[in-house]
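Engineer: Mind having a look at this structure? Questions to follow.
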Amino acid sequence: MSIGKESMAAMLVSMCRIRKFEEKLSELFAAGMLHGTTHLYIGEEAVAAGVCTALAQGDMITSTHRGHGHCIAHGMDMNAMMAEMFGRATGIAGGRGGSMHMADIAHGNLGTNGIVGGGHGLAVGAALAAKMKKQDHIVVCFFGDGASNEGSFHEAANLAAVWELPVLFVCENNGYGFSMAACNAMRVEHIAQRAESYGFPGKTIDGNDAARVYEETVAAREYVLANGPMLLECLTYRISGHSKSDKNAYRTQEEIEAWRCKDPIPFLKVMMLESGFTRHELDAVEAEAAQAVEEAVKFAQDSPYPQGITQGVYAEGGRA
Amino acid sequence: MRTITFAQAVREALAEEMRRDDSVFLMGEDIGIYGGTFGVTQGLLAEFGPERVRDTTITEAAIAGAATGAAAAGMRPVAEIMFSDFITISMDSLVNQAAKLHYMFGTKVPLVVRTAGGSGTGAACQHSQSLEAWFCHVPGLKVVMPSTPYDAKGLLKAAIRDDNPVIFFETKRLYDIEGEVPEEEYVLPLGKADIKRPGSDVTLVCYGGMAPRCLEAAEALATEGISVEVVDPRTLTPLDTEPIIASAKKTGRVLIIHEACKTAGFGAEISAAIAESEAFAHLKAPIMRLCGADTPIPFSPELERSAVPARKDIEQALRRIVQQ
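So the sequences go chain by chain: A and B.
Residue numbers for the first sequence follow our numbering, so the first one is -16 and each next one is one higher.
Residue numbers for the second sequence follow our numbering, so the first one is 210 and each next one is one higher.
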């Protein structure tokens, strides 16, 4: 099966928006204009774009602390995301969450998460709800190589397997859990191997080939709806540091540069040119993405700050 | 009126709520065919089937995590953590996820976690704790701890209907106690205390496993001419301070009793709330607490008994406070 032009175009839009959004954040942090920290997704765009473009209406995701890419690819409003980064009332979490707490649960995004492995249980629960409601929806649980060593992964994977829940575990193996190389954090070569322990299939693919990620996700989705969980390990690389203060003492510049040559965006563009898109069309996508991000910054900066800290701790009402 | 056990009251609440709302379901260890380690969920699998009475693997982190996710996605799960000591394994999902989703995203998490705590069964250090104070300290969670079958049934129904995550502490030693429970359906409000026994000389605030012996002590002291008002908060957070403060104002003497160990226990919160209130000017004695020992719960029977307030300890404390 091969990917259609429409899907390729959708993926490029996502990937360019993610890249511009993250680069803008890097700029804004460097200029001292943003509070707190953030975890940039630069270099990993093909995973979010490939997976999310292959999902159907109603499919849900759980994200990570490095989750802006998932959110953008899943269709979250970038204005609201940028406003959240600026701590404004118009932010997707009303300014209460910041970078690691962006969600749009009504639209199936159960949120970025400040707890490594925090999404594992949530994904299983959302999949349980979908199955009990007899909806043909899957839940994609994004998690990193580091998170696969958390106990929550083990419990979630096993329960999903035993209950045959429609969870697609997508592991973004970017080679590092903060400063620890993945090869030092486990004694198996690939995280996909762990799926076997739970009795479901696992597959390792090139996570920087967006079209491949897309095609594998389409197939995985079909499998998961019919059978239960599956694990798709996407090999990729984090070009930026872990967070804003990372001095990269644990890796070499050579390694970073080597992966820069495998940048997923130019790779997809080459494929798209070979498929009949014009350079002009591709440049337009980049330009629109840059424009959208500029507009998001303006929207954020023009937005008011939130008032009041105590509302919303509890939900009002309930079922009568 | 008929009398039923605490366990039966909980069972009835679960069954009634599952009958009226398809989105309510149970998940936990050994709750299905085994009927729950304390027999609370007996018969529910037969009535509702394995889709709605779900036996899990031994997996407290995923029980709480999946229940949170299911609640966020529109179901109304009632998850069981078999012994409340095991809730330590569930903490991230309850504290960092369930408690905070509404505050950050406006998402309702209509989750109930039922869990059995308390000592007296010889289960020792890791199966006997009273950990309610931990959850009272997490904004976004509600904490309920009934002391009678009547309260247990009405409050559990309310907890299931509430759109917030509720930690529902059952006391294992209370499962076999009997109490009057109407046949007709009723629901009790969360966040409302109950005057279990009106009185005028001392305010005795107690909840959970201590309430029955507190009431016995109050009856005994009545024969000595001491009138004890027993106030049971029932919901710890949000705490119904009004009747507690009113009672403290009226009697001027307050004794707070809980099984959980004294230091940083929930009694400290009640004490501070009273001391900060208009009741302070009316106090005739310092607010006193009589609580569990600041130790893990030991195994040997006499040692175990001595770890929590006994009825005679309660009577002694009451006599002491009226003498001040």
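For every residue, glycine included, the Cβ atom is placed at its ideal position computed from N, Cα and C.
(1) If N305 (chain B) and G101 (chain A) are in contact, beta carbons under 8 Å, what's the gap, nearest whole angstrom?
(2) Taking M43 (chain A) as the reference, which of A:Q118, A:S228 and A:A164 has the closest Cα?
(3) Counting only C-beta atoms, is E147 (chain A) closer than 8 Å to chain B at any point?
(4) Whose CA, out of A:A(-7), A:S(-15) and A:K(-12), lies closest to the CA of D268 (chain A)?
(5) Examine chain A for any beta-carbon lying closer than 8 Å to the beta-carbon of A482 (chain B), and answer yes or no.
(6) Cβ atoms of A113 (chain A) and A282 (chain B): under 8 Å apart, would you say?
(7) Does the beta carbon of F344 (chain B) come closer than 8 Å to any beta carbon on chain A?
(8) Pair every Cβ in the segment 3 to 10 of chain A with every Cβ in the segment 269 to 278 of chain A, then say whether three or more of these pairs are closer than 8 Å.
(9) Which whole-angstrom value is the C-beta distance of A109 (chain A) and A279 (chain B), which I expect to be below 8 Å?
(10) Answer with yes or no whether the minimum CB distance from K317 (chain B) to chain A is below 8 Å.
(11) Looking at the C-beta of G80 (chain A), does it have a partner C-beta in chain B at a distance below 8 Å?
(12) Consider the Cβ of E138 (chain A): report whether some Cβ of chain D lies at a distance smaller than 8 Å.
(13) Excluding sequence positions up to five away, which residues of its chain have a Cβ less than 6 Å from the Cβ of A32 (chain A)?
(14) Can you confirm whether A222 (chain B), when its beta carbon is compared against all beta carbons of chain A, has any partner nearer than 8 Å?
(15) Measure the C-alpha to C-alpha separation of R528 (chain B) and D503 (chain B) and round it to an integer number of angstroms.
(16) Is it buried or exposed, E341 (chain B), if we count other Cβ atoms within 10 angstroms and call 16 or more buried?
(17) For P518 (chain B) and L38 (chain A), I'd like the C-alpha separation in whole angstroms.
(18) Where do the ends of the alpha helix (DSSP H) carrying T450 (chain B) lie?
(19) Counting only Cβ-Cβ distances shorter than 9 Å, please list the residues of the segment 311 to 341 of chain B near chain A, keeping chain order.
(20) M163 (chain A): buried (16+ other C-beta within 10 angstroms of its C-beta) or exposed?
(21) The segment 140 to 173 of chain A: which residues have C-beta closer than 8 Å to a C-beta of chain B, in chain order?
(22) Grouping DSSP H, G and I as helix and E and B as strand, with all else coil, what is V34 (chain A)?
(23) Between K186 (chain A) and A175 (chain A), is the Cβ-Cβ spacing less than 8 Å?
(24) Please determine whether the Cβ atom of L215 (chain A) lies at a distance below 7 Å from any heavy atom of the ligand GTP.
(25) How many angstroms separate the CA atom of C124 (chain A) from the CA atom of G104 (chain A)?
(26) Please list the residues of the segment 283 to 315 of chain B that have a C-beta atom closer than 7 Å to any C-beta atom in chain A, keeping them in chain order.
(27) Tell me which residues share the same chain as A272 (chain A) and place their Cβ nearer than 6 Å to its Cβ, disregarding the 5 neighbours each side in the sequence.
(28) In or out: G474 (chain B) buried (at least 16 other Cβ within 10 Å) or exposed?
(29) Jot down the residue ranges of each uninterrupted beta strand (DSSP E) in the segment 32 to 92 of chain A, minimum 3 residues, whole runs only, in chain order.
(30) Listed in chain order, which residues of the segment 237 to 267 of chain B have Cβ atoms closer than 7 Å to some Cβ of chain A?
(31) Please report whether the beta-carbon of H225 (chain A) lies at a distance below 8 Å from any beta-carbon of chain B.
(32) Helix, strand or coil for I1 (chain A) per DSSP?
(33) Return yes when the Cβ of G78 (chain A) is within less than 8 Å of the Cβ of R71 (chain A), no when it is not.
(34) Is DSSP giving K351 (chain B) helix, strand or coil here?
(35) Would you kindly work out how many angstroms separate the C-alpha atoms of G94 (chain A) and I530 (chain B), rounded to a whole number?
Structural biologist: Well, looking at it:
(1) Approximately 6 Å separates the beta-carbon atoms of N305 (chain B) and G101 (chain A); this is inside 8 Å, confirming the contact.
(2) With distances taken between Cα atoms, M43 (chain A) lies closest to A:Q118.
(3) Output row for E147 (chain A): interface = no.
(4) A small fix is needed here, since residue 268 (chain A) is Val in this sequence, not Asp. In terms of CA proximity to V268 (chain A), A:A(-7) leads the group A:A(-7), A:S(-15) and A:K(-12).
(5) Cβ-Cβ to chain A under 8 Å: no for A482 (chain B).
(6) Going by C-beta atoms, A282 (chain B) is nearer than 8 Å to A113 (chain A).
(7) Taking Cβ atoms only, chain A never reaches closer than 8 Å to F344 (chain B), which makes this a no.
(8) Counting Cβ pairs under 8 Å, three or more are found: they touch.
(9) Right, the Cβ-Cβ distance comes to about 7 Å (below 8 Å), so this counts as a contact.
(10) With 8 Å as the cut-off, K317 (chain B) counts as an interface residue toward chain A.
(11) Using beta-carbon distances, G80 (chain A) counts as an interface residue toward chain B, with a partner under 8 Å.
(12) Judged by its chain identifiers, the structure shown contains no chain D, and its protein chains are A and B.
(13) Answer for A32 (chain A): M(-6), S(-3), M(-2), A56 and A193, listed in chain order.
(14) No, because no Cβ of chain A sits closer than 8 Å to the Cβ of A222 (chain B).
(15) Between the C-alpha atoms of R528 (chain B) and D503 (chain B) there is a straight-line separation of about 23 Å.
(16) Residue environment for E341 (chain B): buried (at least 16 other C-beta atoms within 10 angstroms of its C-beta).
(17) Distance between the alpha carbons of P518 (chain B) and L38 (chain A): 59 Å.
(18) Per DSSP, the unbroken alpha helix (DSSP H) holding T450 (chain B) starts and ends at T450 to T460.
(19) Cβ contacts with chain A: H311, Y312, M313, F314, G315, T316, K317, V318 and P319.
(20) M163 (chain A) comes out exposed.
(21) Against chain B - using a Cβ distance shorter than 8 Å - the residues of the segment 140 to 173 of chain A are N141, L142, V145 and W146.
(22) If DSSP states are grouped into helix, strand and coil, V34 (chain A) belongs with the helices.
(23) Against a cut-off of 8 Å, the Cβ pair of A175 (chain A) and K186 (chain A) comes out as a contact.
(24) For the ligand GTP, the structure offers nothing, since it holds no ligand at all.
(25) A straight-line Cα-Cα distance of about 9 Å links C124 (chain A) and G104 (chain A).
(26) With the criterion set as a beta carbon lying under 7 Å from some beta carbon of chain A, the members of the segment 283 to 315 of chain B are G283, M284, D301, S302, N305, Q306, H311, Y312, M313, F314 and G315, in sequence order.
(27) Contacts found: C(-1), R0 and K3.
(28) For G474 (chain B), the number of other beta carbons within 10 angstroms of its own is at least 16, and it is reported as buried.
(29) For the segment 32 to 92 of chain A, whole beta strand (DSSP E) runs of length 3 or above, ordered along the chain, are 43 to 45.
(30) Going along the segment 237 to 267 of chain B in chain order, one finds E260, T265 and T266 with a Cβ nearer than 7 Å to chain A.
(31) Not an interface residue.
(32) I1 (chain A) sits in a helix when the DSSP states are folded into three classes.
(33) Result yes, Cβ atoms of R71 (chain A) and G78 (chain A) sit closer than 8 Å.
(34) The answer is strand: DSSP assigns K351 (chain B) an E or B state.
(35) Roughly 53 Å between the two C-alpha positions.
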